[in-house]
Amino acid sequence: MSDRPPLESFLKWKLSIESPSLNYAAKAVTKNVIVAVDIPYPLIKAWHEFLGLQKKVRKTAAVASQPNQSASTSSDLSPAAVQEYTYVDLFEYCIPHHTFAITADEQIRKEVNNTLAKIAGMVQNLYAKAKGGSKREELNSKVRRFHIFEGQTLSVTCLREETEAIRDELEEWKQNYQHLEAESKQLFAEMYLAIQEKEQSLSNLQSKNEELQHYFEKIENSDKTYVGKDISEVKKKSRTLKEFMCRAKTALWFAKSFGLELESMTMNEQKTGISHTVMAEDQMSNYNGNSNAFDSLSEEEKSKVEKVLFLLDKFCVGDNFYHELTMVVDGLPKSYLVKQRRSQLNDICHITSTPGETEGAQTSFTDLLRDRVQDYVASHPHVDHVQIKISGDGARMTRNSSFILMSFALLHSDDEVMAAKGNHTIAVVKGKEHYNTLRQSFEDVFKDINSLISKKKIEVGGKSINLEFFLGGDYKFILLVMGLKGATSHYACVWCKIHKDMRWDTSFNLDHYQSPDLRRTLTEMFELVKKKKQNDKYCCEHEPLLHIELDHVVLDELHLLLRISDVLIENLVRDALDWDRSKNWDKRKCQQKNEHLKNLQAAIRSCGVSFDIWEKTNADGKGSGQYDFTSLLGSDKKKLLNELPTKLNGIIQPDTVEVVKTVWEKFREIYSTVTCRNPSTEMINDYFWKAKEWVNLFTSLGEKRHGYKRANVTPYMHAMVYHIPIFLQNYRTIKLFTGQGVEKNNDMARAIVHKKSNKWDAPADILKLESRQWNLRDSERAKRTYSKRKSSYWEHDLRENRKSKRLREKKN
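When we follow my numbering, the leftmost residue of the sequence shown carries the number 1, and every step to the right adds one.
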């Protein structure tokens with residue numbers, strides 16, 4: 001029992017102050033009755049039980065305080081440590097609004113207490129004899145009237161004298177401490193400021209300690225070994241020796257605890273016996289006199305260095321250019337200071353090699369996600385649920401090399417998701433997009449992601465944040481991650497088991513492919529992989545790498561535009577070629593002219609898009625009769641959707657030109673709904689019927705023109721009709737799941753490889769630069785906002801003005 005009884009529990013029964021009973025007052029001839037109090041029976045019973053329990057506790061405390069008990073036990077349960085209450089104390093506590101109080105005279109309080117004790121004993125006996133709920137209810141409704149006599153309460157005269165004395169003391173205190181309030185406020189402000197400074201300092205230290213702790217944990221758990229060539233087989237050995245020294249310093253991290261510092265190491269090659277002496281990087285910088293130059297700078301100068309480093313990384317500017325710039329422009333931070341700060345930031349970024357034989361680099365997904373979520377929760381403290389989109393894409397870096405980038409984004413802002421800085425790279429692998437490459441090289445990444453998918457939460461700053469995972473990317477990446485065959489396979493749809501020959505059929509309602517027989521599920525995909533017959537697998541070739549349910553695998557609207565518009569542009573080129581061939585079949589080769597093809601090229605260029613059409617050549621250099629055209633960006637294809645249909649007259653064959661124009665215009669209308677950030681309920685309901693009508697219109701040209709046949713209905717077109725409406729119903733918009741940010745992240749990685757990497761470990765260079773950008777994000781300049789008030793100027797007038805300006809310059 002605690003030293004404070006649960007007195008609050010007595011408040012559910014209220015005392016009632018009444019006028020004294022006349023019969024009782026007549027009997028009390030010696031004393032005058034002041035007031036009567038009605039005490040409910042349940043309250044009297046509660047007093048009796050409470051004081052009985054108190055008596056048992058004090059008895060236990062007395063036994064525990066005997067000399068044979070231990071010191072700790074006797075001190076905790078000593079009788080003095082248990083506060084004692086009486087019936088008078090409990091009675092005073094329950095008096096409404098503390099209208100009166102019993103006098104402090106011990107003899108009178110003892111008499112009142114004995115009277116209340118007798119009443120409590122009588123009531124307890126009544127309850128003990130009551131059997132059955134009805135009798136107890138009857139007792140609960142009764143009250144006992146208790147009379148208070150003159151002399152048992154505190155005297156009004158005493159209270160007045162005490163009040164006067166307190167008032168005099170208060171006035172004296174006010175005079176002596178007139179300025180105490182102002183002084184206390186000032187002291188409180190100073191104390192509050194000091195506490196804030198200490199808390200900020202403590203927070204900074206804790207943050208640094210957490211980073212170091214995570215770093216050491218990664219080092220201790222890392223089991224990666226060197227997989228490169230033996231040093232005797234390497235021509236340029238400096239890089240291998242540099243990597244060895246880096247790992248040696250990491251392994252000997254405890255040297256400073258012995259008062260030692262690693263200065264150099266001497267090794268012999270096992271095969272050749274050649275000796276190498278390698279100096280530590282910090283010792284090299286000591287010889288140059290710049291080891292602690294950055295740390296000795298003022299905070300203002302450090303901030304300037306960090307801003308310069310942020311800009312050099314953001315625009316992929318090389319060190320040589322900046323060094324030459326500091327030589328001719330005064331006031332810029334020296335280049336060696338920028339390099340030192342970059343080295344410091346690289347040291348706190350823990351990057352490891354990816355498993356498998358393919359070259360790659362990775363960082364911990366759990367740690368990276370925790371940092372990003374913590375930053376978001378800091379500015380949104382009421383958030384307890386975060387949506388995360390996992391994305392991946394293959395990017396061609398050079399003529400003969402391709403990279404695979406795995407990234408994630410927090411789906412809380414359209415603008416950040418569509419930018420490179422809103423997509424955080426987890427791992428980079430140098431290789432082509434294949435299932436085995438993904439499974440081997442991203443094994444650790446997939447393990448971390450699947451672990452968090454099963455937990456559905458992450459601890460951030462002592463707060464549990466719920467997680468919801470989505471999968472995005474282009475169609476090829478989604479098929480690979482889910483273990484399906486390619487987009488040309490018989491059952492290429494990620495979300496249902498429709499055969500490719502039936503994708504053109506839009507006669508079914510929206511829920512048709514959501515039925516249990518046709519809808520794919522993650523559990524079913526794991527079961528189908530185990531089957532032996534290919535016809536029974538529905539193209540489930542491998543186990544899914546990510547355990548994300550298919551209703552959370554969302555199609556990318558950008559690639560929907562790119563792939564469908566590719567089909568439409570190719571059909572325009574075919575149409576123009578067919579018209580030219582129909583006119584050239586009876587002419588000599590020297591007289592043949594691809595007039596309509598050239599007109600099509602000119603019409604596309606007039607939309608402000610750089611576009612070429614050319615004939616492919618055979619191995620002997622002669623024309624093959626097959627044509628190819630420029631691959632356009634998403635922004636260029638949006639321009640064509642808006643402007644090209646009105647320019648197609650006279651370019652493609654006249655008997656179908658109006659239908660083709662309608663196909664383009666209807667697709668533009670459908671795509672506007674897909675990319676709308678906040679579509680109305682009416683738009684979502686009408687979308688399915690518009691998409692069905694579009695596919696039917698597309699296939700209606702199949703008998704007259706190439707490229708419009710039923711077999712030309714792609715998986716993207718099928719998903720546009722039967723699966724995107726489901727996404728719109730579930731998530732209201734799919735603009736959040738766009739791949740624009742992923743593509744921009746690829747462009748940023750490509751710029752790093754070409755401008756900021758020495759190609760020795762390009763994947764690690766990409767992750768290090770992104771980590772530096774994140775750590776220096778506060779160094780970015782806040783740009784002023786600008787709103788385009790006249791959209792027609794930016795979409796049309798500006799291009800026309802530039803076009804006329806170029807024509808004037810040519811004439812001059």
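All C-beta atoms, glycine included, are put in the ideal place defined by N, C-alpha and C.
- As for any beta strand (DSSP E) of minimum length 3 sitting wholly inside the stretch 330-371, the runs are 360-362, ordered along the chain.
- Between the C-alpha atoms of I102 and P381 there is a straight-line separation of about 52 Å.
- Contact between H276 and L241 holds, with the beta-carbon distance rounding to 6 Å and staying under 8 Å.
- Contact check between the stretch 759-777 and the stretch 697-705: fewer than three CB pairs, one atom from each, fall below 8 Å, which does not count as touching.
- According to the DSSP assignment, Y716 belongs to the alpha helix (DSSP H) that extends over 715-722.
- C540 is bridged by DSSP to L484.
- Each of F469, K811, I453, G356 was checked against the Cα of L410, and the nearest Cα belongs to F469.
- Here G422 has A409, L410, S413, D415, E416, G741 as same chain residues with Cβ atoms under 8 Å from its own Cβ, once five neighbours each way along the sequence are excluded.
- Beta-bridge partners assigned by DSSP to I613: F629.
- The beta carbons of G608 and R799 sit about 5 Å from each other, so the pair counts as a contact at 8 Å.
- Less than 8 Å separates the beta-carbon of Q653 from that of W579.
- Taking all protein chains in view, the Cβ of K756 is crowded by 16 or more other Cβ atoms within 10 Å, so the residue is classified as buried.
- Under the 10 Å beta carbon count, I166 is surrounded by fewer than 16 other beta carbons and is classified as exposed.
- Distances from the alpha-carbon of M265 to those of E243, T733, T272, S257 put E243 closest.
- If you look at N594, you'll find it isn't in any alpha helix (DSSP H); DSSP assigns it neither H nor E.
- With at least 16 other beta carbons inside 10 angstroms of its own, Q601 counts as buried.
- In the displayed model, C316 falls within coil according to three-state DSSP, outside both helix and strand.
- In the DSSP assignment, S680 falls outside any alpha helix (DSSP H), carrying neither H nor E.
- When V494, T358, L312 are compared, the shortest CA-CA separation from L776 is found for L312.
- Y538 is positioned such that its CB atom lies no closer than 8 Å to that of K500.
- The stretch 340-347 and the stretch 294-313 touch, with three or more beta-carbon pairs separated by less than 8 Å.
- For P40, the uninterrupted beta strand (DSSP E) run begins and ends at 33-40, by DSSP.
- Close CB contacts of I458 within its chain, under the 8 Å cut and outside five residues either way in sequence, are with T366, L369, R370, V373, L452, S464, I465, L467 (chain order).
- For S804, the enclosing alpha helix (DSSP H) starts and ends at 798-811.
- Annotation: E269 is outside any alpha helix (DSSP H) and is labelled neither H nor E by DSSP.
- C540 sits close to V529, with the two beta carbons spaced by under 8 Å.
- Looking at the DSSP output, V143 bridges to P40.
- A direct Cα-Cα distance of roughly 16 Å separates K59 from E49.
- Straight across, the Cα-Cα distance linking G133 with H97 is about 33 Å.
- DSSP places I102 outside any alpha helix (DSSP H), giving it a letter other than H or E.
- Assigned with DSSP and collapsed to three states, L252 falls in coil, not helix or strand.
- Proximity of the stretch 428-443 to the stretch 391-410 meets the contact definition, three or more beta-carbon pairs being nearer than 8 Å.
- With a threshold of 16 other beta carbon atoms within 10 Å, R520 meets it and is buried.
- Boundaries for H424: no alpha helix (DSSP H) harbours it, while the beta strand (DSSP E) harbouring it runs 424-430, taken from the DSSP string.
- Burial state of G473 is buried, judged by a 10 Å Cβ sphere holding 16 or more other Cβ atoms.
- Shown here, G52 sits in a helix according to DSSP, grouped into three states.
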